[in-house]
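Residue numbers (the working numbering): 148 to 429.
Glycine included, every Cβ here is placed at the ideal spot set by N, Cα and C.
Comments concern the structure below.
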Amino acid sequence: MSYNIKPIPVVEAVDLCKQYGSVQALAGLNLKLMPGEIYGLLGPNGAGKSTLIKIIAGLVEPTSGSVRLLGFDHAIDPVLAKSKIGYVSENSMLYESLTPRDFFEFVASVRKISSEVVNERVARLAPAFGLEQYYDSPIGTLSMGTRQKIAIVAALLHEPSLLLLDEPLNGLDAKTSRIVKDLLSMHSRKNDSAVLFSTHIMEVAEHVCDRIGIIYKGKIVAEGSLEELRRKASEITVAVNGSAQSVDSSATLEEVFLKLTHEEDDIAGTVRALREAFYDNR
Ligand SMILES: Nc1ncnc2c1ncn2[C@@H]1O[C@H](COP(=O)(O)OP(=O)(O)OP(=O)(O)O)[C@@H](O)[C@H]1O
Ligand SMILES: [Mg+2]
148 MSYNIKPIPV VEAVDLCKQY GSVQALAGLN LKLMPGEIYG LLGPNGAGKS TLIKIIAGLV
208 EPTSGSVRLL GFDHAIDPVL AKSKIGYVSE NSMLYESLTP RDFFEFVASV RKISSEVVNE
268 RVARLAPAFG LEQYYDSPIG TLSMGTRQKI AIVAALLHEP SLLLLDEPLN GLDAKTSRIV
328 KDLLSMHSRK NDSAVLFSTH IMEVAEHVCD RIGIIYKGKI VAEGSLEELR RKASEITVAV
388 NGSAQSVDSS ATLEEVFLKL THEEDDIAGT VRALREAFYD NR
């Protein structure tokens, strides 16, 4: 007899809503990530990306809806949930007076990883980012990019089943961005982990992700590969224009994104207004 065992999703968010006073940050968002999958979240400023990531990380309570992590309810066992997650926030707050060496030791103790294991993992990860030279300098004295590298290494130390990164390439130079992109792929493959990250860099989403989700006004309005998103953007164009006009099969992710978030017209209007304000009215 053969058994068909379905893999358990690493994350399953159902009908997530988050209300901040009168602002609806999430408006019934659904998301499912499978083991080994890299999922990129793209969306305009204020679309709800960071809110979604913080809810999955267990740092913000949703107003309604649920998150399951590897099949168990996030809300019922938040400590277990956090032990499975690595998180790099939008503006990583690290302890400024600690050195990277102290900080990695601190993370290891919180994560209950032995010093041998953590030393071995740091020795494997840190050289890729050229961090050795900063081991004994207080974090407060380090550059923004170096802090970001430390935050990324720290999030990987316990080899999490789910890696959450909020705009991880912010402040990183071209070489480091490339290394991080490769690292995300290696991490998801090696540990069968899922990676969820937000970015405004289309090229990254296009080249690193298995799936891309476009988030707009607190909902995923489209998700899939670039090909699938192009198709979806075409359907919207047809629905709006009532014609058979379609999105070019060579359309870049940026063009597809602007179409799906209805921002194309906005941009044209804004540029027109700026031109009038800056040049025509002098
Ligand atoms: N702590 C908070 N209190 C009140 N409103 C908040 C809070 N956090 C987020 N919001 C609001 O919720 C909405 C979604 O914010 P969020 O930070 O999730 O967007 P984002 O997609 O990450 O944007 P960005 O691309 O600028 O990082 C915004 O309107 C924001 O002002
Ligand atoms: Mg954000």
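Can you round the beta-carbon distance between residue i and residue j to whole angstroms, since I take them to be within the 8 Å contact cut?
{"i": "Ala398", "j": "Arg377", "result": "6 Å"}
{"i": "Phe276", "j": "Lys296", "result": "4 Å"}
{"i": "Leu199", "j": "Leu180", "result": "At roughly 12 Å, the Cβ-Cβ gap does not stay under 8 Å, so Leu199 and Leu180 are not in contact."}
{"i": "Leu178", "j": "Gly212", "result": "That belief does not hold up - the Cβ atoms of Leu178 and Gly212 are roughly 10 Å apart, past 8 Å."}
{"i": "Lys165", "j": "Pro209", "result": "5 Å"}
{"i": "Val342", "j": "Ser335", "result": "5 Å"}
{"i": "Gly183", "j": "Asp339", "result": "5 Å"}
{"i": "Lys346", "j": "Leu189", "result": "A small correction: the amino acid at residue 346 is Thr; Lys does not occupy that position in the sequence shown. At roughly 7 Å, the Cβ-Cβ gap stays under 8 Å, so Thr346 and Leu189 are in contact."}
{"i": "Gly205", "j": "Ile155", "result": "Contact flag wrong, Cβ pair sits at about 18 Å."}
{"i": "Ile361", "j": "Leu407", "result": "5 Å"}
{"i": "Gly287", "j": "Ser244", "result": "6 Å"}
Just to check, is the beta-carbon of residue i closer than 8 Å to a non-hydrogen atom of ligand 3?
{"i": "Asp313", "result": "Ligand 3 is not part of the structure shown, which contains ligand 1 and ligand 2 as its ligands."}
Please tell me whether, using a cut-off of 8 Å, the distance from the CB of residue i to the nearest non-hydrogen atom of ligand 1 is below it.
{"i": "Asn266", "result": "no"}
{"i": "Lys229", "result": "no"}
{"i": "Glu237", "result": "yes"}
{"i": "Ala194", "result": "yes"}
{"i": "Pro191", "result": "yes"}
{"i": "Ala352", "result": "no"}
{"i": "Val131", "result": "One cannot answer for residue 131 here, as it falls past the ends of the chain, which runs 148 to 429."}
{"i": "Ile362", "result": "yes"}
If you draw a straight line from the C-alpha of residue i to the C-alpha of residue j, how long is it?
{"i": "Glu263", "j": "Ala273", "result": "15 Å"}
{"i": "Asp413", "j": "Ser236", "result": "29 Å"}
{"i": "His409", "j": "Val368", "result": "11 Å"}
{"i": "Ala424", "j": "Gly416", "result": "12 Å"}
{"i": "Ala391", "j": "Ala380", "result": "Interpretation of Ala391 is limited by its pLDDT of 47, a score under 50 that renders its predicted location unreliable; the figure taken from the coordinates is listed afterwards. Approximately 12 Å between the Cα atoms of the pair."}
{"i": "Tyr282", "j": "Ala270", "result": "11 Å"}
{"i": "Ala160", "j": "Ser372", "result": "20 Å"}
{"i": "Val207", "j": "Glu279", "result": "34 Å"}
{"i": "Glu267", "j": "Phe251", "result": "12 Å"}
{"i": "Ser256", "j": "Tyr242", "result": "15 Å"}
{"i": "Thr300", "j": "Glu382", "result": "Contrary to the premise, residue 300 reads as Val rather than Thr in this sequence. If you take the alpha carbons of Val300 and Glu382, they lie about 41 Å apart."}
{"i": "Lys322", "j": "Ile202", "result": "31 Å"}
{"i": "Phe253", "j": "Tyr363", "result": "37 Å"}
{"i": "Pro285", "j": "Arg215", "result": "38 Å"}
{"i": "Ala420", "j": "Tyr426", "result": "10 Å"}
{"i": "Tyr234", "j": "Thr246", "result": "20 Å"}
{"i": "Glu411", "j": "Gly365", "result": "19 Å"}
{"i": "Val418", "j": "Ala298", "result": "37 Å"}
{"i": "Glu375", "j": "Ala194", "result": "21 Å"}
Spell out the partners DSSP gives residue i in its beta bridges.
{"i": "Lys366", "result": "Tyr363"}
{"i": "Leu234", "result": "The question names Leu, but residue 234 in the sequence shown is Tyr. In the DSSP output, where bridge partners are listed per residue, Tyr234 has Leu311."}
{"i": "Leu216", "result": "Val158 and Phe219"}
{"i": "Ser345", "result": "Leu188 and Asp313"}
{"i": "Tyr167", "result": "Val170"}
{"i": "Lys179", "result": "Glu159"}
{"i": "Ser211", "result": "Cys164"}
Looking at ligand 2, does it come within less than 8 Å of residue i, judged from the CB to the closest heavy atom?
{"i": "Lys366", "result": "no"}
{"i": "Lys165", "result": "no"}
{"i": "Ser197", "result": "yes"}
{"i": "Glu159", "result": "no"}
{"i": "Ser345", "result": "yes"}
For residue i and chain C, any beta-carbon pair shorter than 9 Å?
{"i": "Ile326", "result": "No chain C is present in this structure, which holds just one protein chain."}
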